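Undergrad: Chains as they are written, first to last, in my numbering: chain G, 87 to 1088; chain W, 22 to 437.
All C-beta atoms, glycine included, are put in the ideal place defined by N, C-alpha and C.
These numbers were taken from a predicted model, which means no experiment stands behind them.
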Amino acid sequence: MSAHRLETGGRLIDRTRRVRFTFDDAPLRGQAGDTLASALLAEGRMLQGRSFKYHRPRGPVTADSAEPNALMGLDTGARAEPNVRATSVQLSEGMVVHSQNRWPSLAFDVGRIADRLARVLPAGFYYKTFLWPRPFWKHVYEPLIRRAAGLGRAPEGVDPDRYEQLHAFADVVVAGGGVAGLAAAWAAAQGGARVIVLEETGHWGGRAVVDGLVIDGHPAEAWVTATVAALEGLANVTLRTNTSLTAVHDHGYVLADEWPQDAGAGIAAPRQRLWRIRAGRVIAANGAIERPLAFAGNDVPGVMLASAVRDYAVNYGVAVGRRVVVVTNNDDAYRTALALREAGVEVAAVVDARDTLPGPLAQQVRAHGIPIHDGSAIEAVQGDIGVTGVTLCRHSGNGACVSAQIACDAVAMSGGWSPAVHLWSHAGGKVVWDADGAMFRPDPAQGPTGHDGAVFVIPAGAAAGALWGPQALADAHAAGLRAAAETGHPGHTPAPVAEAPEERAILPVWTMPEGAGPRLKSRMFLDFQNDVKVTDVELAAREGFESVEHAKRYTTLGMATDQGKLSNINGLAVLAAARGAGIAETGTTTFRPPWTPLTLGAIAAEARGELFQAVRETPMHAWHAAHGARWEPVGQWRRPHAYVRPGETPAKAVNREVLNTRQTVGVLDASTLGKILVRGPDAGRFLDMLYTGTMSTLAVGRCRYGVMCTENGFVFDDGVVARIDATTWLCHTTTGGAEAVHGWMEDWLQCEWWDWKVHVIDLTEQLAQIAVAGPNARRVLQKLGGMDLSADALGHMRWAAGRLGDFDARVLRVSFSGELGFEVAVPASQGPALWDRLMAAGAEWGIMPYGTEALHVMRAEKGFIMVGDETDGTVTPGDLGLPTGAKKADFLGKRGLERSHLRDPERWRLVGLETLTGSVLPHGAYSVTGGYTDTYQRETDGRVTSSYYSPTLGRGIALGLVRRGPERMGEVLTFPVGAASQMKARIVDPVFFDPQGGRLDG
Amino acid sequence: MRMSHSALALVRGALTGHTGWPRTWDSPLPRDRYKVIVVGAGGHGLATAYYLGRNHGITDVAVLEKGWLGGGNTGRNTTIIRSNYLQDASSAIYEKSRALYEGLSQELNYNVMFSPRGVMMLAQTEHEVRGYLRTARANYLQGVETRFITPEEVQKRVPIIRLDGPRYPVLGALWQPRAGTARHDAVAWGYARACSAMGMHILENCEVTGVRSDAGRVSGVETTRGAIGCERLAIVVAGHSGRLAQMAGFRLPVESVTLQALVSEPVKPCMDVVVMANTVHGYLSQSDKGEMVIGGGADGFNNFTQRGSWHHIEETVRALVETFPMLSRLKMLRQWGGVVDMTGDRSPILSPTPLGGCYINCGWGTGGFKAIPGSGWAMAEMVANEAPGPLAAPFGLERFREGRFIDESVAAGVAH
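#1: My output table needs one value for Gly917 of chain G: the three-state DSSP class, helix, strand or coil.
#2: Mind checking the segment 118–140 of chain W against chain G and listing, in chain order, the residues whose C-beta falls within less than 9 angstroms of any C-beta there?
#3: Pull up the DSSP beta-bridge partners for Ile458 of chain G, would you.
#4: Might you give, ordered along the chain, the residues of its own chain that have their beta carbon closer than 6 angstroms to the beta carbon of Gly61 of chain W, omitting 5 neighbours on each side?
#5: So what's Gln1023 of chain G in DSSP terms, helix, strand or just coil?
#6: Listed from N- to C-terminal order along the chain, which residues in the segment 178–200 of chain G have their beta-carbon within a distance smaller than 7 angstroms of any beta-carbon of chain W?
#7: At a threshold of 7 angstroms, does Val404 of chain G count as lining the ligand MN (C-beta to nearest heavy atom)?
#8: Is any beta-carbon of chain G found at less than 8 angstroms from that of Val288 of chain W?
#9: Counting only beta-carbon atoms, is Thr960 of chain G nearer than 8 angstroms to chain W?
#10: Looking at the unbroken alpha helix (DSSP H) that takes in Phe772 of chain G, where does it start and where does it end?
#11: Would you be able to state if there are at least three C-beta pairs under 8 angstroms between the segment 813–829 of chain G and the segment 736–749 of chain G?
#12: If contact is defined by three or more beta carbon pairs under 8 angstroms, each pair taking one atom from either stretch, is the segment 520–535 of chain G in contact with the segment 406–414 of chain G?
#13: Find the nearest neighbour of Leu550 of chain G within the set G:Val182, G:Ala1044, G:Glu600 and G:Ala270, judged by alpha-carbon distance.
#14: With respect to the alpha helix (DSSP H) encompassing Cys379 of chain W, which residues constitute its N-terminal and C-terminal limits?
#15: Quick one: which chain C residues come within Cβ less than 7 angstroms of Arg178 of chain W?
#16: Does the segment 897–905 of chain G touch the segment 718–726 of chain G, meaning 3 or more C-beta pairs lie closer than 8 angstroms?
#17: Output, in chain order, the set of chain G residues within a Cβ distance shorter than 8 angstroms of Cys291 of chain W.
#18: Below 8 angstroms CB to CB, which residues in the same chain sit around Leu92 of chain G once its five sequence neighbours on both sides are set aside?
#19: Curious, which full-length alpha helix (DSSP H) runs of at least 4 residues does the segment 506–550 of chain G contain?
#20: I want to verify the contact list: residues of chain W whose CB lies under 8 angstroms from the CB of Gln649 of chain G, in sequence order.
#21: So that I know if they touch, is there some Cβ in chain G lying closer than 8 angstroms to that of Arg155 of chain W?
#22: I need the boundaries of the alpha helix (DSSP H) containing Lys214 of chain G, first residue and last residue.
#23: Under three-state DSSP, which class holds Trp840 of chain G?
#24: Closest Cβ-Cβ distance between Asp362 of chain W and chain G: below 8 angstroms?
#25: Taking 8 angstroms as the threshold (C-beta atoms), are Asn415 of chain G and Ile592 of chain G in contact?
#26: Closest Cβ-Cβ distance between Val518 of chain G and chain W: below 8 angstroms?
#27: For chain W, find out if any of its Cβ atoms is closer than 8 angstroms to the Cβ of Leu988 of chain G; answer yes or no.
#28: On the premise that Thr750 of chain G lies in contact with Pro918 of chain G, defined as a C-beta separation below 8 angstroms, what is that separation, rounded to the nearest angstrom?
#29: In angstroms, rounded to a whole number, what distance separates the CA positions of Pro767 of chain G and Gly237 of chain W?
#30: Against chain G, does Ser27 of chain W count as a neighbour if the rule is that its beta carbon must be under 8 angstroms from one of theirs?
#31: Where does Lys974 of chain G land, buried or exposed, given buried means 16+ other C-beta within 10 angstroms?
#32: Does any CB atom of chain G fall closer than 8 angstroms to the CB of Tyr189 of chain W?
#33: Kindly indicate which residue of W:Glu402, W:Gly417 and W:Ser285 has the alpha-carbon position closest to the one of Met353 of chain W.
#34: In three-state terms, what does DSSP make of Ser306 of chain W?
#35: Terminal residues of the continuous beta strand (DSSP E) containing Ser356 of chain W?
#36: Taking buried to mean at least 16 other C-beta atoms within 10 Å of its own C-beta, is Phe194 of chain G buried or exposed?
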């Protein structure tokens, strides 16, 4: 065994199993059950980290998740994890560990120069300097600061691990598996309530086991074992270790963070599990946090919380030092002296700030011959990278008069305990200052309320402020009964009775000694990680940062990765003193989730890679993929942008597809277009409200183009509406707009016109829809046989249902290309077969598929608008030449359209644009008037909304919105396209091709 | 009293244990009356007061704050400063603001750490590409320096980004090289210090409970520290604008919702620019401290709790982990929310009101921090002249009646 491993103790380690790991490349060994910190301590490595600002040497201060100092990097590359708390990570075989925030080594860190300059680098120094010369902030100062800051190294690459999210529902969630949590769970479970108990560490029982509580006449450990066994026997109780309740959100929605410990044991367990739990009541039995004491040198490695010192001895069989001084303002720390004594570690002295008579714990300590220094304080700790001794003085003085010097290699400190009020406060619970207990505890009158107005978090035990064991247990039992009753599962069971020595009252100590001057205060650390000292908080107060939030932000107190667990209360007490105000009126900062930092990968969980967002594919997707489709994401859909053949550029493919469709025939997969069925006695009336046109008058068997506006009168979607029967309409929408239109319809039906008899169904994915367009379109379809699709039987803007070849089809005669066009809808499962049949039937006419880009070119050649190109949420139907003025009846957007700006004759309206040279205008280009605005911007009077090379016309064409555009036909506009170049384009009619529309009939 | 800030001053301070530093801003007792009362000591309110003094010589000013100075959205945002807006009115005021930020540390003698590290907005669909191409062209004519950059340049500037995500490949980005970030609290503190030095009163813990008027014109306010008279009133209270407007007797077209943000634990520098990914909804930068600063979405319902819905955090984190895979193993250190005031067109309101002498500045929604200096400049101009100047004019309340919206969501981007 190594130098610091004790012969006895170590209830959590397995002395028979060695675990090898490396720390900064040095091979080391620990025991199974060790934390990383306990293993390093056992190896005599007290120096475990460097602080953030001054790069001061630091050792662990805690043995739990509140640790601010012992932060390390685990692993390298894609599995690297920075800022791991060595005090709460389990040691595992082959672990590769690196220290952080130091260069070149942990023992010798050049960054320590900041510590030597600490006097000129007080809190907020950076607000007062680095001002000149101005470019230096970006190019010199900031890069230097950034390099010095940060803690661990960021991982690189894609995280190879897996994360899981699970949902659970519980009447009562108990946070904390200490004796309070177990007692609360037992009480809560008696009436049948579903109870989930979450314990952050890998073992049950919490502090009581180490602290020697006696429950129902048994040592705590025996009681814990029996209670856990009894709880495991209840079907309505779930117990989870290595799981912490990390966030309490409104209405009892809580998150729990689990680190499954079976990872790597053959079955690939996820690295982490995030539980999303709906809880009727949350019992916060997550204990209390011991406070450090602020004395000079309280950050030297080897100065540790008293509870941590005894945890290391009892739980891990590790002596943090060979000669320890205990310093305290309360009785609890005497347990550390006793525990060390029992483990065979010399306790040089107990230094107690209080003058009062000793209680039972102190008497036991004295009985062991350990000297107790009453009314005393640590004046200063000696040592730099490790403790070599302490000097004592009177606590009530200013420390000028040193009363004793004691050689030691570790200091166990306790400034009292603060209830962990975090879970109470996450969702808005308020705390109240308890002057007798020197602590903030939950204010029962101001709890977080749920949907029914009742308080849904019940603090229990130490978390409620019941710090003394027997009291904590009684309180937790009552909390369990209350939670069960409030969730409708009342039950009864006798309260466990605990015994513990009486404890004397705490003496609040915020600096030690009480009257310390600046010399000592400038060495008293409040926030260890961020290097915030007592003098920094005093400076903040002096400079007017008197609000606790200001002081926090100015000094960075409490903003480190421990989220202020150790520093908040001490810091605000110092602030209160500096302001000459009380602690209660100074108040706390807001306790926000998470309880401990939460892995982002666990928040994202399975929504990664292919599962990040659903990819919607049409029934013909595989065919497209096999035929060179270059994909374009449209909403969640993937649509073929163009089918690029080998040796072809995408632009050439688009031109080929356009020409082929115009010259003979093309097919387009139109399945992604929204297809919303609207049915009911009031459906016509409903659609008249939705569209700027009138749909109720549409005859059965006919189609009509429709435009929808927002209430403000701006176009937001368009498409063809088909009247199916007396009470049924089929509304086509844009691909990207289908969900929005469906939601829009439901919104109006559910919230405003709830009494209208209309039913809306989104059929988009039920149907495969194929557009067949071009002079030979009819011939291709007729080759399939069946329905009569002749011009007489099915005129433009009509539809018919029937058998088309082997298919039950609905055929709409519509065209977005200007060519003779049909859209054939069949059940989705029939889509691929129909597609194949059409390709085969059209072979003799040279049929080719065309993609979205060819579609866009053809519609632009025809001057048809595209929602999202010609419209952007600021364009009215009138701007696009779509008349609405004729409609007398009300519709959504009608009143918006009556507003003055929407009727302004100066509005920008749709026109065609042709460059003087035939070249293609850049997309998004603006035309300028030559003038300037009031704010010295160049004045514009038009812009390009769509611009393409038209293979049909052999030149560039564009659509645009131009001020009074249709009144300015023939005018030439100037489009700046670069620093020194501009293009000129003439305003023309937006219909570039086949203005008479003769091609619609083939 | 004011002590000039410099490295030398810090050395001098060190010799005296830093006991000589004065208050950053004074904490005086309220007077009976001021020429101008600004309600709200956030960035916008303090900047309004500052430019009233600096540009218009009006220093008989009190800034009233119900809580602690800078405690609203000024201290809760993700500190992004950019001006690559599409509409002329927006880009004018945001660019004015960005330009003022460039010299703000020196002007205020307080380091607000404006860091022009560059902001890029990723284009991840063809539609977004077209939108940003349009924005780049608009920006060029507006005098705002932006350009559309290739995926290769995106990768070079952001080594940790994954361009070819399985879902939305990065097709390019709109890049504004002179955009960046600043230290949000310092902006409020710096303005407060400068206002205080001009003799203005900053009154914290002074909640306005009523607005007094006389013959259709404002005459003062009632506060938790007593009644205070004024000649002109500027309401600059973001999420609580509706309540103040009610006291002043008019209604506003704003809704207050919670917007969330989070930071990771600090790590060594790994990303030097600001990246916004609007298709997948998330934006990311790394603070000088090393924290990855992440902006989330706004809740869809009204709320004053400063706590938001968890699913927005999830949505944002998913998007960013997918785009920046290394984030997966970092940990969320803190999450928080702020109450933002959203207008119908997602653009601010800088306007006279139905109450004479009362002016309102609100509706900055999710994008207020970047606008602080420009907003203060324009608001001060309006209050001083009792009429909006060219920067504020397009943002008047009458635009909602006229339908003259300034809608930025029309660009592919979102409005923050």
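TA: In this structure, then:
#1: helix
#2: Glu123, Gly124, Ser126, Gln127, Asn130, Tyr131, Asn132, Val133, Met134, Phe135, Ser136, Pro137 and Arg138
#3: G:Val436
#4: Val257 and Val258
#5: coil
#6: none
#7: What this structure holds is no ligand at all, so the ligand MN is not there to describe.
#8: yes
#9: yes
#10: Ala769 to Leu776
#11: no
#12: no
#13: What sits at residue 550 of chain G in the sequence shown is Ala, not Leu. Out of G:Val182, G:Ala1044, G:Glu600 and G:Ala270, G:Ala270 has the C-alpha closest to the C-alpha of Ala550 of chain G.
#14: Premise fails: Cys379 of chain W lies in the beta strand (DSSP E), Cys379 to Cys383, not in any alpha helix (DSSP H).
#15: The chain inventory of the structure shown lacks chain C, comprising the protein chains G and W.
#16: no
#17: Ala240
#18: Ala399, Gly403, Val404, Ala405, Ala429, Gly430 and Val431
#19: 508–512
#20: Leu354 and Arg355
#21: yes
#22: Phe211 to Lys214
#23: coil
#24: no
#25: yes
#26: no
#27: yes
#28: 23 angstroms between Cβ atoms; not a contact.
#29: 53 angstroms
#30: yes
#31: exposed
#32: yes
#33: W:Ser285
#34: strand
#35: It is Gln, not Ser, that sits at residue 356 of chain W in the sequence shown. Run containing Gln356 of chain W: Lys352 to Thr364, per the beta strand (DSSP E) assignment.
#36: exposed
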